[in-house]
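Quick notes on the structure that follows.
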Amino acid sequence: MRSRNNGFDYLPLDAFVSFVGERGDRDEDAIIHETEMNIVYLKRGLSGPKMRASTRLLPQKRIDKWMEVELGEFFIGKGDSGEVVMGLMAGEQGRRKSGIIIEGIEIRPKSNS
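Encoded structure:
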């Protein structure tokens with residue numbers, strides 16, 4: 047985040063990852079309503095609203111100095127093809143947000159351990 051950001055300090059964001067599949071249904075409202083949302087914070091050490099610890103996703107600092115936060119997970123079966131849709135949305139309507147720059151997204155397989 048930029049040093050002069052606004053609206054991301056204390057508010058949680060709703061994040062999701064969803065597999066659209068071969069049907070290619072691009073209706074964003076349908077995808078959002080059918081997908082489990084995760085609550086994500088972009089800054090560590092902030093109290094925010096009280097929730098179960100398992101639903102709060104906090105950023106972690108990586109070895110390469112990047113910050114990472116898990117948006118969610120999706121499953122693709124053998125032979126499946128289609129699109130993966132990701133979203134990061136403000137939980138509160140009507141509040142202005144500014145200053146977030148996403149420089150990269152990494153998708154990696156979940157370990158089976």
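In this note's numbering, the protein residues as written are 47 to 159. The beta-carbon is built from N, C-alpha and C at its ideal position, and this holds for glycine as well.
- Counting every other CB atom within 10 Å of its CB across the protein chains shown gives residue 58 a total of 16 or more, marking it as buried.
- When the alpha-carbon of residue 112 is set against those of 122, 62, 147 and 127, the nearest one is in 147.
- Boundaries of the beta strand (DSSP E) around residue 129: 129 to 136.
- Residue pairing of residue 156 in beta bridges, as defined by DSSP: absent, with no partner found.
- Counting the other Cβ atoms within 10 Å of the Cβ of residue 130 gives fewer than 16, which makes it exposed.
- Beta-bridge partners of residue 83 (DSSP): none assigned.
- Judged by beta-carbon spacing, residue 64 lies within the 9 Å limit of residue 118, meaning their Cβ atoms are closer than that value.
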